[in-house]
Amino acid sequence: HRTVACLPALVGQYGVAGGGLLFSTSGWATFDTAALERPDLRPGPVRSVNMIQLGEALLRADPPIRSLYVYNSNPAAVAPHQAKVLAGLRRDDLFLVVHEILPTDTTDYADIVLPATTQLERLDLHKPYGTLYLGLNQPAIAPPGEAKSNTEVFRLLAAALGFSEPCLYDSDEALARTALASPDPALAGITLEQLREQGWARLNLPTPAVPFAAGKFPTPSGQVEFYSESLAKAGHDPLPGYTPEAESPEGDAALAARYPLYLITPGAHCFLNSTFGDLPALVAKEGRPTLEMHLADAQARGISDGDLVLAWNERGSCQFWARVGEAVPPGVVSATTVWWNKRSPGRYNANALTSDRTSDLGGGALFYNSLVEVSKSLRRF
350 HRTVACLPAL VGQYGVAGGG LLFSTSGWAT FDTAALERPD LRPGPVRSVN MIQLGEALLR
410 ADPPIRSLYV YNSNPAAVAP HQAKVLAGLR RDDLFLVVHE ILPTDTTDYA DIVLPATTQL
470 ERLDLHKPYG TLYLGLNQPA IAPPGEAKSN TEVFRLLAAA LGFSEPCLYD SDEALARTAL
530 ASPDPALAGI TLEQLREQGW ARLNLPTPAV PFAAGKFPTP SGQVEFYSES LAKAGHDPLP
590 GYTPEAESPE GDAALAARYP LYLITPGAHC FLNSTFGDLP ALVAKEGRPT LEMHLADAQA
650 RGISDGDLVL AWNERGSCQF WARVGEAVPP GVVSATTVWW NKRSPGRYNA NALTSDRTSD
710 LGGGALFYNS LVEVSKSLRR F
């Protein structure tokens, strides 16, 4: 990413319409997170765990994690190194509460499941991701039964724990107003009343909106930094360059000899991570968990199109139906994600194979850096 981000600067394409590099437009609008999260109320440092390493944390954290509250997530399906994650969720001494709208792979391990509201039943403020517009999600119906939103559960927990700080009981409307009261000029003048009336509001940006038009960048020098003093001080290479991936012939030749196929895990067309993975119509459109293989790799392993195959590495194994052709190059296999475990043959999905290592910059996931071997499966479901 660093190298790619430097390329537009080499040819003078930052700060011009149609130039630059786009990851997301979410940075155009910045809410006052300190006013929303109130870090000043914390009594001291708070331990945090990278979700990518949830399984490791559940099994080996010191002091151990005794309780886990899960909301807006399905870690049993989406977290990497699935064997560790499921072993951690199965712990007898772990008190697991899952706030969900329907039974998922994670609720299967819960001690308590709390019913959650859907998007149709709660107020929410949506920042842009690929547009320049804020959106207001207004409830269309009342929550059914005992279903409650995340914020309502947090308010109830605050009361049950005896906390007296008024901000912990702010209504959803009050939270939305706090978010919109940000000093960010892009949000100036946008009110909750306007959003209620229109449902949306364009950010206060020129047309066309051109990032870095003034030639100023959010770096210590205010410039595009090909050489980064900050990264050098943090022990990283100050210049962008190529580093062999941990799981690759260059990074680990012995590992690549045992597991010669490079696994990639692109998102399925009909799912968003694991969301929608329970809807029969979308599951039918997606088909079934498949593994794309090049014809040469399949023939070398006696695999034909439609065969049930087993993919494995040192972290675990899972099964797919082979899709043989030339959609991927030799040496690469591709499994679309995220299928729910309970809809996968053998009840493990592709995250049985992915690593819980993190990237050297940012602590990001390495979902696309997994070596595997594949064989025809003898077990059928």
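The sequence shown begins at 350 in this note's numbering and counts up one residue at a time. Every residue gets a Cβ at the ideal spot worked out from N, C-alpha and C, and that includes glycine. Keep in mind the model is a prediction, meaning the values are calculated, not measured.
Applying the 10 Å Cβ sphere with the 16-neighbour rule, what's the burial state of residue i?
| i | result |
| --- | --- |
| Ile-490 | exposed |
| Asp-441 | exposed |
| Ser-693 | buried |
| Arg-471 | buried |
| Thr-556 | exposed |
| Ser-570 | exposed |
| Asn-399 | exposed |
| Ser-726 | buried |
| Ala-633 | exposed |
| Leu-536 | buried |
| Ser-498 | buried |
| Phe-716 | buried |
| Thr-639 | buried |
| Ala-509 | exposed |
| Ser-664 | In the sequence under discussion, the amino acid at residue 664 is Arg, which differs from the Ser named in the question. Looking at its Cβ environment, which holds 16 or more other Cβ atoms inside 10 Å, Arg-664 is buried. |
| Asp-654 | exposed |
| Leu-469 | exposed |
| Tyr-608 | buried |
| Gln-362 | exposed |
| Ile-539 | buried |
| Thr-703 | buried |
| Val-658 | buried |
| Ser-397 | exposed |
Between residue i and residue j, what straight-line distance do the alpha-carbon atoms span, to the nearest angstrom?
| i | j | result |
| --- | --- | --- |
| Pro-424 | Thr-455 | 6 angstroms |
| Phe-730 | Ala-671 | With a pLDDT of 44 at Phe-730, under the threshold of 50, the predicted position of this residue should be treated as unreliable, though the coordinate-derived value follows. Spanning the two alpha carbons is a distance of roughly 14 angstroms. |
| Glu-405 | Tyr-518 | 34 angstroms |
| Leu-621 | Ser-422 | 12 angstroms |
| Leu-408 | Ala-436 | 8 angstroms |
| Ser-623 | Pro-587 | 37 angstroms |
| Val-434 | Ala-428 | 7 angstroms |
| Val-342 | Glu-574 | Residue 342 lies beyond the residue range present for the chain, which begins at 350 and ends at 730; the question has no answer from this structure. |
| Thr-685 | Thr-466 | 28 angstroms |
| Val-721 | Phe-625 | 27 angstroms |
| Gly-393 | Glu-386 | 15 angstroms |
| Pro-488 | Glu-578 | 48 angstroms |
| Asp-473 | Asn-486 | 5 angstroms |
| His-585 | Val-360 | 26 angstroms |
| Glu-596 | Ala-605 | 7 angstroms |
| Pro-589 | Gln-547 | 45 angstroms |
| Ala-410 | Leu-443 | 12 angstroms |
| Leu-524 | Gly-369 | 34 angstroms |
| Gly-494 | Ala-647 | 51 angstroms |
| Ala-699 | Met-642 | 15 angstroms |
| Ala-583 | Gly-711 | 12 angstroms |
| Leu-559 | Gly-367 | In the sequence as displayed, the identity of residue 559 is Val instead of Leu. Each residue's alpha carbon lies about 8 angstroms from the other. |
Looking only at DSSP bridge pairs, what is residue i linked to?
| i | result |
| --- | --- |
| Asp-473 | Asn-486 |
| Leu-445 | Leu-417 |
| Tyr-611 | Val-681, Leu-720 |
| Asn-662 | Gly-665 |
| Val-673 | Met-642 |
| Thr-568 | Thr-568 is not bridged to any residue. |
| Val-434 | The partner list for Val-434 (beta bridge, DSSP) is empty, contrary to what the question assumes. |
| Lys-725 | Val-658 |
| Leu-463 | His-448 |
| Gly-616 | Thr-686 |
| Thr-707 | Ala-714 |
| Leu-621 | Thr-624 |
Along the chain, where does the beta strand (DSSP E) containing residue i start, and where does it finish?
| i | result |
| --- | --- |
| Ser-683 | 681-684 |
| Asn-499 | Counting along the chain, Asn-499 falls outside any beta strand (DSSP E), though it belongs to the alpha helix (DSSP H) covering 499-509. |
| Ala-550 | 549-551 |
Is residue j closer than 8 angstroms to residue i when the C-beta atoms are compared?
| i | j | result |
| --- | --- | --- |
| Ser-666 | Ala-701 | yes |
| Leu-445 | Leu-403 | no |
| Tyr-478 | Ser-373 | yes |
| Ser-708 | Pro-615 | no |
| Arg-526 | Leu-541 | yes |
| Gly-600 | Leu-644 | no |
| Phe-669 | Ser-531 | no |
| Asn-690 | Ala-426 | yes |
Where does the unbroken alpha helix (DSSP H) through residue i begin, and where does it stop?
| i | result |
| --- | --- |
| Ala-358 | 351-359 |
| Ala-525 | 521-529 |
| Pro-424 | 424-427 |
| Val-687 | Premise fails: Val-687 is in no alpha helix (DSSP H) and is neither H nor E. |
| Ala-378 | Looking at the DSSP string, Ala-378 is not in any alpha helix (DSSP H), and its letter there is neither H nor E. |
| Ser-579 | 578-582 |
| Leu-408 | 403-409 |
| Thr-382 | 382-386 |
| Pro-593 | Segment: none, Pro-593 is in no alpha helix (DSSP H) and carries neither H nor E. |
| Val-632 | 629-635 |
I want to see whether chain C comes within less than 8 angstroms of residue i, judged by CB atoms only; does it?
| i | result |
| --- | --- |
| Ile-450 | Chain labels in this structure do not include chain C; a single protein chain is all it has. |
Sorry if obvious, but does the Cβ on residue i come closer than 7 angstroms to a heavy atom of the ligand SAM?
| i | result |
| --- | --- |
| Tyr-697 | For the structure depicted, the ligand SAM is absent and the ligand set is empty, with no information on it obtainable. |
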